[in-house]
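Residue numbers (our numbering), protein chains in the order written: chain A, 4 to 325; chain B, 4 to 325; chain C, 11 to 293; chain D, 11 to 293. Beta carbons: idealized from backbone N, C-alpha and C, even for Gly. Predicted, not measured: the structure shown is a model, and the values here were computed from it. Before any comments, here is the structure.
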Amino acid sequence: MALNVLDLEKPIAELDKNIAALKTVSEEEGVDRSVEIAELESQRDNLISQIFANLSAWDKTLIARHPSRPYTLDYIRAIFDDFIELHGDRLFADDKAIVGGFASLSGRPVMIVGHQKGRDLKERQYRNFGSAKPEGYRKALRLMKMAEKLGIPIISFIDTPAADCSFGSEERGISEAIARNMYEMSMLTVPVVVVVIGEGGSGGAIGLAVGNRILMLEHSVYSVIPPESCAAIIWRDPTKGPQAAECLKITAQHALENGLIDEIIPEPLGGAHRNYDAAAASLKAAVIRNLEELSELSAEDYAKDRYAKFRNMGIFGTEPQE
Amino acid sequence: MALNVLDLEKPIAELDKNIAALKTVSEEEGVDRSVEIAELESQRDNLISQIFANLSAWDKTLIARHPSRPYTLDYIRAIFDDFIELHGDRLFADDKAIVGGFASLSGRPVMIVGHQKGRDLKERQYRNFGSAKPEGYRKALRLMKMAEKLGIPIISFIDTPAADCSFGSEERGISEAIARNMYEMSMLTVPVVVVVIGEGGSGGAIGLAVGNRILMLEHSVYSVIPPESCAAIIWRDPTKGPQAAECLKITAQHALENGLIDEIIPEPLGGAHRNYDAAAASLKAAVIRNLEELSELSAEDYAKDRYAKFRNMGIFGTEPQE
Amino acid sequence: MAPDGWFRRKGNAAGKAARKHLDALPDGLWTKCPKCGEILFSKELEKNLKVCSKCSYHFKLGAVERLAIMVDEGSFVETDAGLVTINHLSFPDYESKLAKGCANSGLNDGMVSGTASIGGHSVVICVADFGFMGGSMGSVYGEKISRAFERGIETGSPVIIVNTSGGARMQEGLVSLMQMAKTSAAAAKFGRTGLMYISILTDPTMAGVHASFAMLADIIIAEPGALIGFAGQRVAAQAQVIKPPQGFQLAEFQLEHGMVDMVLPRRDMKDTLAKILAMGARR
Amino acid sequence: MAPDGWFRRKGNAAGKAARKHLDALPDGLWTKCPKCGEILFSKELEKNLKVCSKCSYHFKLGAVERLAIMVDEGSFVETDAGLVTINHLSFPDYESKLAKGCANSGLNDGMVSGTASIGGHSVVICVADFGFMGGSMGSVYGEKISRAFERGIETGSPVIIVNTSGGARMQEGLVSLMQMAKTSAAAAKFGRTGLMYISILTDPTMAGVHASFAMLADIIIAEPGALIGFAGQRVAAQAQVIKPPQGFQLAEFQLEHGMVDMVLPRRDMKDTLAKILAMGARR
Ligand SMILES: [Zn+2]
Ligand SMILES: [Zn+2]
């Protein structure tokens with residue numbers, strides 16, 4: 004547990020420890036310490052509120068990458084019934100960095116696709132740290148086209164540091180795969196709801212993120228480039244990630260301000276990793292509400308709506324022409 | 004040259020040699036031997052006619068595989084203008100066993116796809132003996148879908164012993180690739196003319212052969228299994244290929260009789276390899292005529308026509324049901 | 011697995027008497043597992059859906075057995091049973107092979123087609139039988155598959171095909187190759203309806219069947235350990251002069267290479283199918 | 011290559027004076043080939059379309075130079091030249107980089123768009139300029155590409171895009187990532203018209219541009235030796251801790267891996283484009 008505590012969480016962890024100790028003592032000794040515990044818990048929650056009211060873009064980055072943060076399969080387990088995982092791109096391989104399949108959302112069938120990170124060292128390698136290869140994007144596309152054919156909505160979970168850039172991925176066209184997904188996703192005749200649950204890492208993210216609605220969890224980030232890489236380019240110093248994160252304005256809040264996403268999904272106090280169930284409930288409610296709103300559109304409209312949405316993204320001026 | 008003479012061609016080659024010698028002598032000595040030459044040529048042509056009137060299915064197989072037989076690129080050079088070869092499946096590789104691209108046929112744009120065998124040892128390896136891998140079928144499909152998008156007709160040349168069955172091809176889904184091509188080809192909204200120019204080798208052939216018109220050159224073959232493999236299974240003796248070829252009835256003539264192809268394109272006397280230009284002219288005329296006939300259909304009709312054509316292929320009876 | 015209770019066959023009553031289990035199990039009380047060598051009590055093996063209780067080896071199932079464990083009891087109604095094979099090439103020994111296949115399987119072709127329900131969902135279903143000439147595809151087989159897709163379109167039903175096949179039936183020559191194109195075209199026509207097509211690959215599914223409709227489903231499910239591929243291993247090995255990779259062409263290999271959606275133990279098949287069908291049904 | 015004769019620019023006259031060759035050629039009479047080291051007479055090099063006469067190395071071309079050798083003389087009319095960049099994130103040093111890019115290239119963005127004819131075929135054409143901030147894609151760039159596709163739809167013209175880019179323009183943050191989706195969606199909308207889209211990949215075409223509209227063309231043509239890929243070689247090498255394969259990410263590597271239709275020498279570009287356009291035109 005201690006390994007999974009961020010610096011900014013240390014004071015919180017300290018109080019957590021005290022509360023836990025008090026509870027243990029209370030149980031062991033059979034003495035009612037509930038008032039004291041409630042006092043400490045309230046103290047802790049105030050502390051969390053304080054800390055989380057002033058998170059920097061870099062803090063958000065660290066929380067978005069938190070090793071205890073719920074991943075796609077955690078949300079799938081918590082939110083959906085009857086998840087039937089489907090595998091493979093029918094071309095080359097089954098990429099474990101992207102999962103997908105049918106599931107039932109409050110009794111309605113949906114197709115899920117999403118990046119999947121690994122929790123422990125072994126699973127991280129198995130999932131390639133959530134960095135998908137061409138076959139991952141192609142699997143996702145196959146499933147999305149299947150959903151389109153069957154007329155069921157698509158929910159896409161974004162959580163990747165970046166697309167895989169190994170030699171093999173270059174050889175098999177990682178660029179083509181990402182580009183093709185955006186091309187095809189833009190034309191899908193079913194609703195597509197995208198949720199950035201952790202890291203929205205540049206091309207690796209956008210390759211699954213062309214939706215009618217783009218939602219971001221409160222402490223997730225979405226960026227054109229990893230802050231460390233940006234710092235390495237600008238200041239030739241990858242340790243200046245914090246400054247770069249600020250410049251890039253990679254938080255959900257900024258994305259909403261710039262009109263690039265539709266909604267921020269609130270996380271439980273202290274971040275999604277402090278309460279999976281509450282995070283999942285919050286996410287579930289947002290997804291259902293967005294799907295319900297979208298259900299008013301016709302099949303043709305979904306593509307038009309998506310086109311209009313992305314077509315409008317761009318911040319520029321116009322000079323008068325001579 | 005002598006290496007490329009079939010046993011059945013040996014008497015012809017003998018006369019060819021005599022004629023050539025006579026011509027040389029005639030030139031060197033400056034004596035007019037034209038009468039003598041014409042006599043020999045007529046004798047040779049009669050001999051060819053005799054031999055070719057009685058070809059067995061196995062003889063046809065050998066002629067279809069003749070190392071001097073014109074291949075796809077030979078026909079492309081002879082028949083089309085402005086061939087622009089296009090490469091790659093955008094997924095994994097460029098397969099040299101299938102070529103394809105735009106070309107102009109009597110001033111009209113067409114898309115060509117076709118198996119390509121190699122002439123000498125080096126080129127044979129380069130072309131993998133005309134045995135295509137998944138990436139070859141996927142390249143062809145990409146080009147055919149492009150033709151559909153642009154609204155231009157497709158001409159497919161069939162000339163393969165079989166699809167590639169290396170481990171790599173199995174790993175990358177050679178079955179899927181062949182199946183997918185048939186699936187997609189059946190739905191194309193442009194005319195598709197297929198010409199079997201040499202070997203129509205089982206799955207490797209049908210993966211490019213779902214057309215509105217299926218033409219076969221006079222001495223080409225088309226079979227569900229290589230005769231040698233069939234013999235190996237039935238008689239546990241691959242040398243009994245000749246008998247198996249007979250049983251399988253793999254000639255163009257039988258395919259036409261069984262209603263599985265539309266037309267036989269006549270070859271020049273002694274086979275296409277004896278006169279590339281004449282073979283190409285014959286093929287060109289047949290393709291143009293078929294395309295003209297097909298031009299009367301609408302875009303939707305091409306798929307319907309193709310469906311009806313293949314849907315009707317099957318020879319079976321029906322018992323009265325109780 | 012008592013076929014007579016649930017299997018309402020319309021035609022071809024003649025074959026009925028000959029029907030029996032097809033997968034070369036010895037007739038005795040005991041059966042030896044070909045994978046682990048365990049001696050299994052045949053009745054227990056039957057109860058376990060013909061899966062070895064020690065090593066999970068999945069024995070081959072005949073079409074009749076397969077239907078019994080897959081569809082809702084009593085729901086199967088056979089269609090197109092009256093289609094009969096013609097030896098139009100006068101191919102040597104074809105008739106005797108057909109007769110043997112008929113005796114083996116109690117069927118008049120390697121493909122049985124019909125309608126049924128699974129977990130209450132109506133489906134068009136086709137089941138292949140390896141006992142009939144190795145499940146090879148000739149004209150009757152291809153026609154049944156094509157009609158099944160067309161029936162799916164007409165009735166708005168999903169199509170499920172349980173495959174096992176050595177490939178195209180060479181005794182019918184070129185016309186059997188054309189069944190690949192015909193069934194693929196039928197799958198394409200069906201595919202445009204928005205209805206679901208599920209293909210199940212059982213041991214073995216090879217060559218002309220694998221390289222046509224079997225690989226064209228929305229969802230492809232393989233049974234554990236099933237041999238699945240284009241060319242026979244010997245052919246592939248000949249072409250390479252090297253040893254095949256570990257587990258070459260097995261179901262698990264196909265999963266790793268992205269060619270199947272899942273490898274599903276036989277005991278989970280029916281429930282999973284019902285769940286998948288539910289996804290396609292509510293639109 | 012005399013820009014003034016054929017280049018009718020509508021807007022942004024201010025930049026015109028600053029326009030010059032962009033590819034870091036020394037200003038002198040002689041130019042050293044960076045590949046083979048040959049010292050080339052600059053005028054000869056220009057005449058040879060900036061291809062080394064000894065080793066065929068293709069020097070980078072600015073957008074203006076590129077247009078001069080690609081389209082019918084006098085046919086180019088620029089569009090959307092009035093779009094200007096806004097530093098909406100107040101990203102440090104962005105303005106100075108823009109100014110430098112402008113001075114370098116004589117352009118106000120790394121992408122020039124317009125209409126032209128090639129071999130008599132009317133086209134919508136976009137040409138990138140590496141001299142403007144490494145051809146990086148921001149809002150203006152993405153907007154020009156998107157409008158080009160829409161102009162193609164409106165006028166029924168094929169679209170040709172000559173690419174060179176280091177990727178998305180990080181100084182615009184997330185909105186520059188969204189240009190990937192926006193341009194890809196525009197390519198998709200255009201793709202449904204049955205009109206032809208040709209993408210030309212020149213040295214270098216990387217990252218956000220390579221992974222969006224640049225790879226979505228019907229026909230993709232690469233210039234010999236062009237570096238083409240998703241991630242920079244250093245990034246890829248870091249991830250692998252091994253040496254990249256021979257010729258990694260070069261045009262010829264992309265051809266071998268099925269990602270481009272052809273590697274075409276610069277001297278053949280215009281004629282080949284005209285031939286390809288003819289194929290799409292007569293329908
Ligand atoms: Zn066992
Ligand atoms: Zn040089």
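Item to check | Given residue 284/C as reference, the closest of 69/C, 71/C, 51/C, 81/C once Cα atoms are compared | outcome: Checked all of 69/C, 71/C, 51/C, 81/C; the closest Cα to residue 284/C is 81/C.
Checklist entry - Per the contact definition of three or more C-beta pairs closer than 8 Å, is the segment 199-215 of chain B in contact with the segment 237-245 of chain B? => result no
Checklist entry - Who are the near neighbours of residue 201/D in its chain, counting only those whose CB is closer than 6 Å to its CB and skipping five residues on each side? => result Excluding residues within five positions, none has a Cβ falling inside 6 Å.
Next on the checklist: Please report the distance separating the alpha-carbon of residue 166/A from that of residue 180/A.
Outcome noted: 10 Å
Checklist entry - At a Cβ cut of 9 Å, what residues of the segment 214-241 of chain C count as close to chain A, listed as they run along the chain? => result 225, 228, 229, 230
Next on the checklist: Which residues in chain B have a C-beta closer than 7 Å to the C-beta of residue 176/A? List them in chain order.
Outcome noted: Neighbours of residue 176/A on chain B, chain order: 93, 94.
Item to check | Element boundaries [beta strand (DSSP E), containing residue 61/B] | outcome: Element bounds for residue 61/B: not the beta strand (DSSP E) but the alpha helix (DSSP H), 60-67.
Checklist entry - Using the beta-carbon count (16 or more within 10 Å), is residue 270/A buried or exposed? => result Looking at its Cβ environment, which holds 16 or more other Cβ atoms inside 10 Å, residue 270/A is buried.
Checklist entry - Cβ of residue 282/D less than 8 Å from any chain B Cβ? => result Chain B contact via Cβ: present.
Item to check | Three-way DSSP call (helix, strand, coil) for residue 271/D in this model | outcome: Coil at residue 271/D, not helix or strand.
Checklist entry - For the beta strand (DSSP E) that residue 86/A lies in, which residues bound it at each end? => result For residue 86/A, the enclosing beta strand (DSSP E) begins and ends at 84-88.
Checklist entry - When the cut-off is 8 Å and only beta carbons count, does residue 205/A lie next to chain D? => result yes
Next on the checklist: Strictly under 8 Å for the Cβ-Cβ distance: is residue 159/D near chain A by that measure?
Outcome noted: no
Checklist entry - Just to confirm, does residue 67/D get its C-beta within under 7 Å of one of the non-hydrogen atoms of ligand 2? => result Result yes, Cβ under 7 Å from ligand 2.
Item to check | Buried/exposed call for residue 87/A, threshold 16 Cβ in 10 Å | outcome: buried
Item to check | Beta bridge counterpart(s) of residue 173/D as assigned by DSSP | outcome: 211/D
Checklist entry - Tell me the DSSP bridge mates of residue 105/B? => result 87/B, 114/B
Item to check | Same chain, Cβ closer than 6 Å to residue 111/D, neighbours up to 5 away in sequence not counted | outcome: 142, 143
Checklist entry - What are the residues of the segment 181-196 of chain D that lie near chain A, defined by any Cβ-Cβ distance shorter than 9 Å? => result 181, 182, 183, 184, 185, 186, 187, 188, 189, 190, 191, 192, 193, 194, 195, 196
Checklist entry - Is any heavy atom in ligand 1 found nearer than 7 Å to the beta carbon of residue 70/C? => result No; taking the cut-off as 7 Å, the Cβ of residue 70/C has no heavy atom of ligand 1 nearer than that.
Next on the checklist: Let me make sure I understand the geometry here. Which of 92/D, 114/D, 58/D has the alpha-carbon closest to that of residue 322/A?
Outcome noted: 92/D
Item to check | Whole beta strand (DSSP E) elements within the segment 124-158 of chain D, 3-residue minimum | outcome: 131-138
Checklist entry - In angstroms, rounded to a whole number, what distance separates the CA positions of residue 34/D and residue 114/D? => result Any answer about residue 34/D is weak, because its pLDDT of 45 lies below 50 and its placement is not dependable; what the coordinates show is given next. It is roughly 9 Å from the alpha-carbon of residue 34/D to the alpha-carbon of residue 114/D.
Checklist entry - Under 8 Å, do residue 87/D and residue 287/D count as touching if we go by C-beta distance? => result no
Item to check | Spatial distance of residue 134/B from residue 164/B (CA atoms) | outcome: 7 Å
Item to check | Closest by C-alpha distance to residue 63/A, when choosing among 137/A, 252/A, 291/A | outcome: 252/A
Checklist entry - What is the DSSP secondary structure of residue 312/A, counted as helix, strand or coil? => result helix
Next on the checklist: Can you tell me which residues form a DSSP beta bridge with residue 254/A?
Outcome noted: 224/A
Item to check | Bridge partners - residue 239/C, DSSP secondary structure assignment | outcome: 216/C
Item to check | Proximal residues to residue 221/C (C-beta, below 8 Å), its chain only, five neighbours per side dropped | outcome: 190, 240
Item to check | Check whether residue 210/C and residue 171/C have beta carbons under 8 Å apart | outcome: Yes, these two residues count as a Cβ contact at 8 Å.
Checklist entry - Can you find a heavy atom of ligand 2 that lies under 7 Å from the Cβ of residue 54/D? => result No.
Checklist entry - How big is the Cα-Cα spacing for residue 48/A and residue 284/A? => result 20 Å
Next on the checklist: So, at 7 Å on beta carbons, what are the nonlocal neighbours of residue 112/B in its own chain, with the 5 sequence-adjacent residues on each side left out?
Outcome noted: 105, 155
Checklist entry - Just checking my contact of residue 103/B with residue 143/B at CB under 8 Å: how many whole Å lie between their CB atoms? => result Your pair residue 103/B and residue 143/B checks out as a contact, with CB atoms roughly 6 Å apart and the cut at 8 Å.
Item to check | Contact with chain C by residue 199/B, beta-carbon distance below 8 Å | outcome: no
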